[in-house]
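Data first, discussion second: the structure below is written as structure tokens.
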Amino acid sequence: MIVPGSESQALGAALAAETGDSLAEVSYERFPDGERMASVGAPESVGRAVVVAATTTDAAHVELLQLQDAVREAGADEVVTVLPYMGYGRQERAFEPGQPVSARAVARAVSTGTDRVVLVDPHEASVTDFFDVPCDVVRAASRLAAPLPSALTDPLFLSPDAGAIGLAESVRDAYGRGAVDYFEKVRHSGTEVEITPSDAGVEGRDVVVVDDIVATGSTMSESIAVLNDREAAGVYVTCVHPLFARSARAKLERAGVEGIYATDTIERDVTAVSVAPAVADVL
Ligand code: R5P
């Protein structure tokens, strides 16, 4: 049985179609005091329950814990938790004295309600160590090639920092042609980044900027602006996790993006491809 969180309903349905498991009847209610109540309709037999929930908000975290508990109450033999996007995953260490390792705190809480965890492209692979149960990682970047226009001109697949170059290579390899390069990025604050371009010639070429997450859109909008200044033919953005917080979408449009493509680890209007087949492979 596939049990989707409220933020992952389309992915849950895609996963049910992919695996042949049933899609649970789920409801997401709130009490007058604001507390949540996510529940599953009383199934006759559960067997394995796969809870799929992108924890993009604090509320989604609570909902996930409730759904894990609900399927145990319903008699599930095994609970698998799929975090298509792991909220707090970028806080994988204490950056200042006195700060929590938030990814660890969240991972411990998630571990209490499950036998196994599956993460899709965590920002830092090291977060898998924070779970107290077995944790598998699914790499989905290669799926981002499919929705790209097929006739890109002399394409360059570019990561906005050295950390994402492996993603850019995966998308290029799946696309089948093109070069790979990366920019240097320095982050000054949550919303301010400084991009230092490489020497790669981009004039007249289509450039696909590849990253794991678009959050505030600062990284991508700076990259798009640099590339448009250098007369790229078209600048496309692709990412695994389209968080698109605050005004991220408008920032990218204002910077002159040609197209935006993402997976369904977070369900947004830029979602163009599903990670369901890749997740189904490890279930
Ligand atoms: C950071 O290293 C990540 O790979 C992304 O570049 C970052 O999360 C994007 O954040 P934002 O959209 O806020 O610039």
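Here the sequence shown stands for residues 55 to 337, numbered as in my numbering.
Cβ coordinates follow ideal geometry from the N, Cα and C atoms, glycine included.
The model shown is predicted, which means the values in this text are computed figures rather than measured ones.
Sorry if obvious, but does the Cβ on residue i come closer than 7 Å to a heavy atom of the ligand R5P?
{"i": "ALA199", "result": "no"}
{"i": "MET274", "result": "yes"}
{"i": "THR325", "result": "no"}
{"i": "ALA279", "result": "no"}
{"i": "PRO58", "result": "no"}
{"i": "ASP266", "result": "yes"}
{"i": "HIS242", "result": "no"}
{"i": "HIS177", "result": "yes"}
{"i": "ALA195", "result": "no"}
{"i": "PRO296", "result": "no"}
{"i": "ASP235", "result": "no"}
{"i": "VAL247", "result": "yes"}
{"i": "GLY217", "result": "yes"}
{"i": "ALA302", "result": "yes"}
{"i": "PRO86", "result": "no"}
{"i": "PRO209", "result": "no"}
{"i": "PRO214", "result": "yes"}
If I follow the unbroken beta strand (DSSP E) through residue i, where does it start and stop?
{"i": "ALA269", "result": "Per DSSP, ALA269 belongs to no beta strand (DSSP E) and is neither H nor E."}
{"i": "ASP235", "result": "233-236"}
{"i": "GLY313", "result": "313-317"}
{"i": "GLU83", "result": "80-84"}
{"i": "GLU307", "result": "Taken as a continuous stretch (DSSP letters only), GLU307 belongs to no beta strand (DSSP E), being part of the alpha helix (DSSP H) at 302-309."}
{"i": "ALA326", "result": "325-327"}
{"i": "VAL192", "result": "189-192"}
{"i": "VAL94", "result": "90-94"}
How is the alpha helix (DSSP H) around residue i delimited, first residue to last?
{"i": "ASP208", "result": "First-last for ASP208: undefined, no H or E at that position."}
{"i": "ASP227", "result": "219-229"}
{"i": "PRO58", "result": "Here PRO58 belongs to no alpha helix (DSSP H); instead the beta strand (DSSP E) covers 56-58."}
{"i": "GLU248", "result": "Unbroken run through GLU248 is the beta strand (DSSP E), 247-250; no alpha helix (DSSP H)."}
{"i": "PRO331", "result": "330-336"}
{"i": "ALA70", "result": "63-73"}
Residue i bridges to which residues according to DSSP?
{"i": "THR166", "result": "In DSSP, THR166 forms no bridge with anything."}
{"i": "ARG241", "result": "VAL247"}
{"i": "PRO296", "result": "VAL268"}
{"i": "VAL104", "result": "ILE56, VAL134"}
{"i": "VAL171", "result": "THR135, CYS189"}
{"i": "LEU77", "result": "ILE56"}
{"i": "GLY288", "result": "ASP260"}
Closer than 7 Å to a non-hydrogen atom of the ligand NAD - does that hold for the CB of residue i?
{"i": "ALA269", "result": "No copy of the ligand NAD appears in this structure; the ligands present are the ligand R5P."}
Could you tell me whether the Cβ atoms of residue i and residue j are closer together than 8 Å?
{"i": "VAL164", "j": "VAL57", "result": "no"}
{"i": "VAL187", "j": "VAL171", "result": "yes"}
{"i": "ALA103", "j": "MET55", "result": "yes"}
{"i": "LYS305", "j": "SER277", "result": "no"}
{"i": "ILE314", "j": "HIS177", "result": "no"}
{"i": "GLY66", "j": "VAL106", "result": "yes"}
{"i": "ARG197", "j": "VAL329", "result": "yes"}
{"i": "ARG158", "j": "GLU117", "result": "no"}
{"i": "THR245", "j": "SER213", "result": "no"}
{"i": "LEU297", "j": "THR109", "result": "no"}
{"i": "TYR236", "j": "ALA216", "result": "yes"}
{"i": "ASP335", "j": "ALA68", "result": "no"}
{"i": "ALA70", "j": "VAL94", "result": "no"}
{"i": "ALA299", "j": "THR325", "result": "no"}
{"i": "ALA218", "j": "ASP253", "result": "no"}
{"i": "THR207", "j": "ARG284", "result": "no"}
{"i": "ALA161", "j": "PHE185", "result": "yes"}
{"i": "ASP175", "j": "ARG193", "result": "yes"}
{"i": "ALA222", "j": "VAL294", "result": "no"}
Legend entry - Contiguous alpha helix (DSSP H) assignments of at least 4 residues, all confined to the segment 111-164: Counting only runs of 4 or more, we get 112-127.
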